[in-house]
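If you're matching positions, the sequence shown starts at 95 in the numbering used here and goes up one per residue. Yeah, the Cβ is synthetic: ideal placement off N, Cα and C, and Gly gets one too.
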Amino acid sequence: MTDAATTEEPGIRFADLTTLRVGGPIGRLVTATTPDQLVAHVREAEASGGPWMVLGGGSNLLVGDDGFAGTVVHIATRGIEVHPGDDEGTVRLRVQAGENWDELVAFTVTRGYSGLEALSGIPGSVGASPVQNIGAYGQEVSDALIGIEFLDEGADEPRFMSADELELGYRTSVLKQGLRGVVVSVEFALHDTTAEREVLGEPVGRPVAYAQLAQALGVQLGDRVPVARVREAVLALRSGKGMVLDPDDPDSVSAGSFFTNPIVSEHVARTLPGDAPRWYLDPDEPDEVTPLAELEARSPLDAFLAHQAEVEQAEQRSDAAPDEPLVKLSAAWLIEHSGIRRGFALPGSRAGISTKHTLALTNRGGASAEEIAQLARFVQGRVQAEFGITLHPEPVLIGLEL
Numbered sequence: 095m096t097d098a099a100t101t102e103e104p105g106i107r108f109a110d111l112t113t114l115r116v117g118g119p120i121g122r123l124v125t126a127t128t129p130d131q132l133v134a135h136v137r138e139a140e141a142s143g144g145p146w147m148v149l150g151g152g153s154n155l156l157v158g159d160d161g162f163a164g165t166v167v168h169i170a171t172r173g174i175e176v177h178p179g180d181d182e183g184t185v186r187l188r189v190q191a192g193e194n195w196d197e198l199v200a201f202t203v204t205r206g207y208s209g210l211e212a213l214s215g216i217p218g219s220v221g222a223s224p225v226q227n228i229g230a231y232g233q234e235v236s237d238a239l240i241g242i243e244f245l246d247e248g249a250d251e252p253r254f255m256s257a258d259e260l261e262l263g264y265r266t267s268v269l270k271q272g273l274r275g276v277v278v279s280v281e282f283a284l285h286d287t288t289a290e291r292e293v294l295g296e297p298v299g300r301p302v303a304y305a306q307l308a309q310a311l312g313v314q315l316g317d318r319v320p321v322a323r324v325r326e327a328v329l330a331l332r333s334g335k336g337m338v339l340d341p342d343d344p345d346s347v348s349a350g351s352f353f354t355n356p357i358v359s360e361h362v363a364r365t366l367p368g369d370a371p372r373w374y375l376d377p378d379e380p381d382e383v384t385p386l387a388e389l390e391a392r393s394p395l396d397a398f399l400a401h402q403a404e405v406e407q408a409e410q411r412s413d414a415a416p417d418e419p420l421v422k423l424s425a426a427w428l429i430e431h432s433g434i435r436r437g438f439a440l441p442g443s444r445a446g447i448s449t450k451h452t453l454a455l456t457n458r459g460g461a462s463a464e465e466i467a468q469l470a471r472f473v474q475g476r477v478q479a480e481f482g483i484t485l486h487p488e489p490v491l492i493g494l495e496l
């Protein structure tokens with residue numbers, strides 16, 4: 095292990111390094127461009143005895159205006175290795191944590207690898223992807239993840255953690271729930287469509303699993319289409335919501351979806367108006383959802399088996415009785431029907447709801463972190479008052495509370 099050639103960057107603020115463009119000064123910023131530097135920087139920060147944190151793409155982070163007085167290790171490592179997969183027709187990718195996520199997706203699509211194409215346009219770094227178990231349009235990182243190389247707090251060397259060990263769930267993992275350490279690299283298993291190219295003329299991806307995406311593609315759910323077409327459609331959908339970073343689009347100055355979709359008991363879900371979107375969690379794919387009507391139309395045996403699996407999840411929820419299934423709600427619907435519309439802003443505030451999507455809180459120019467937090471609290475309060483449901487933030491908060 096070589097020592098890090100420490101490069102300190104004074105005078106940097108979180109506003110310079112996050113997609114929300116807010117956040118106060120950084121006490122000490124060091125950048126790691128190789129895995130060895132990353133390990134060395136983290137070990138040095140730990141040995142100092144002071145506070146420290148790591149920073150990737152800054153797309154899922156809201157830091158207070160006072161900043162962070164400790165050491166910030168900026169992960170800027172690069173590298174994508176492609177190896178034969180364990181199964182026929184698959185490849186195995188080992189990707190350094192500092193790689194840009196969307197550039198990785200573009201790389202896989204160009205090569206004809208399927209499994210990440212519906213995650214196009216999501217900002218941030220590869221190392222952050224398993225922390226949140228990022229997902230969109232019917233795909234999640236957990237669908238393709240083999241595992242990660244992880245440096246535990248206090249450890250001298252990284253260790254391998256399998257996807258099962260990460261306990262991936264809806265926008266969560268053991269990494270987000272408190273396991274201290276740093277993701278050094280991430281491994282994925284993807285479907286290699288190059289053999290199909292010879293038959294079909296172009297690489298065809300996994301079945302389309304999201305209704306809005308299927309509609310945009312002009313296909314049926316379950317159809318398979320070229321991975322490049324999926325990426326193109328997803329980028330168009332995300333751009334229409336201001337969810338693709340674009341210097342010419344003020345609505346993209348955000349952290350993406352600021353609130354996660356609530357997961358509540360069936361009892362709570364049935365208190366909402368009849369037109370409120372709601373889905374039973376599918377026990378076979380915990381982070382996908384099955385419409386209520388479809389689940390209720392299952393055979394008694396299928397419904398019973400589904401119910402039994404959901405009970406295990408419900409027991410972990412304080413708002414659910416031990417025998418109640420869980421239901422996913424739409425945070426966007428709750429916000430809109432609490433009276434908050436696209437483009438809304440508090441009087442005099444430079445923070446506002448996106449004009450394209452109510453789940454995004456945006457910096458309209460010169461906003462402070464506290465203004466973003468004030469708007470988030472207001473949204474939470476309106477939804478709580480109207481529906482009795484608490485929305486939880488998706489970004490990591492540092493030096494702020496909602």
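DSSP state of residue i mapped onto helix, strand, coil
i, result
"Gln314", "coil"
"Pro217", "coil"
"Leu111", "coil"
"Ile106", "coil"
"Leu494", "coil"
"Glu390", "Because Glu390 carries a pLDDT of 37, less than 50, the predicted location of this residue cannot be relied on, and the following value inherits that uncertainty. If DSSP states are grouped into helix, strand and coil, Glu390 belongs with the helices."
Spatial distance of residue i from residue j (CA atoms)
i, j, result
"Gly192", "Glu175", "14 Å"
"Pro419", "Trp373", "10 Å"
"Pro489", "Leu149", "13 Å"
"Glu409", "Gly263", "Since pLDDT at Glu409 reaches only 36, below the 50 mark, its modelled position is unreliable, and no value is offered."
"Ala303", "Gly143", "48 Å"
"Arg300", "Ile106", "43 Å"
"Glu480", "Ser432", "6 Å"
"Pro224", "Leu307", "23 Å"
"Ser333", "Ser443", "25 Å"
"Gly482", "His177", "50 Å"
"Gln190", "Ala222", "11 Å"
"Leu284", "Asp343", "33 Å"
"Phe254", "Arg188", "12 Å"
"Asp317", "Glu247", "45 Å"
"Asn457", "Ile216", "18 Å"
"Glu140", "Gly151", "22 Å"
"Asp250", "Asp345", "42 Å"
"Leu269", "Ser236", "13 Å"
"Arg137", "Val477", "43 Å"
"Glu211", "Arg325", "5 Å"
"Leu273", "Gly232", "27 Å"
"His486", "Ala289", "44 Å"
"Gln314", "Ala305", "8 Å"
"Thr365", "Gly218", "37 Å"
"Thr125", "Leu331", "34 Å"
"Glu197", "Ala257", "22 Å"
"Arg122", "Val116", "17 Å"
"Thr128", "Gly173", "9 Å"
Any chain B beta carbon closer than 8 Å to residue i
i, result
"Ile483", "The chain labelled as chain B is not found in the depicted structure, where only one protein chain is given."
Per DSSP, the bridge partner or partners of residue i
i, result
"Pro178", "Val185"
"Pro487", "Phe353"
"Gln190", "Ser279"
The ligand NAD heavy atom lying under 7 Å from the CB of residue i
i, result
"Gly442", "Ligands are entirely absent from the displayed structure, and the ligand NAD is therefore not among its contents."
On the three-pair Cβ rule with 8 Å, is the region 229-244 touching the region 272-282? yes
Is it true that the region 199-206 meets the region 318-336, where meeting means three or more beta-carbon pairs spaced less than 8 Å apart? yes
Those runs of the alpha helix (DSSP H) which lie wholly inside the region 433-476 and span at least 4 residues: none
Going residue by residue through the region 113-174, where are the continuous beta strand (DSSP E) segments of at least 3 residues, counting only ones entirely within it? 120-126, 146-149, 155-157 and 162-169
Could you give the uninterrupted runs of the alpha helix (DSSP H) lying entirely in the region 275-360, keeping only those of 4 residues or more? 288-294, 305-311 and 321-334
What are the start and end residues of each continuous beta strand (DSSP E) run of 3 or more residues lying completely inside the region 223-281, in chain order? 239-246 and 253-256
Determine, using beta-carbon pairs with one atom in the region 155-165 and one in the region 179-187, whether at least three such pairs fall under 8 Å. no
Segment contact flag, the region 449-467 with the region 125-142, C-beta cutoff 8 Å, min 3 pairs: no
Answer yes if the region 110-124 comes into contact with the region 246-264, meaning at least three C-beta pairs across the two stretches below 8 Å, and no otherwise. no
Is the number of C-beta pairs between the region 325-345 and the region 441-453 that are closer than 8 Å three or more? yes
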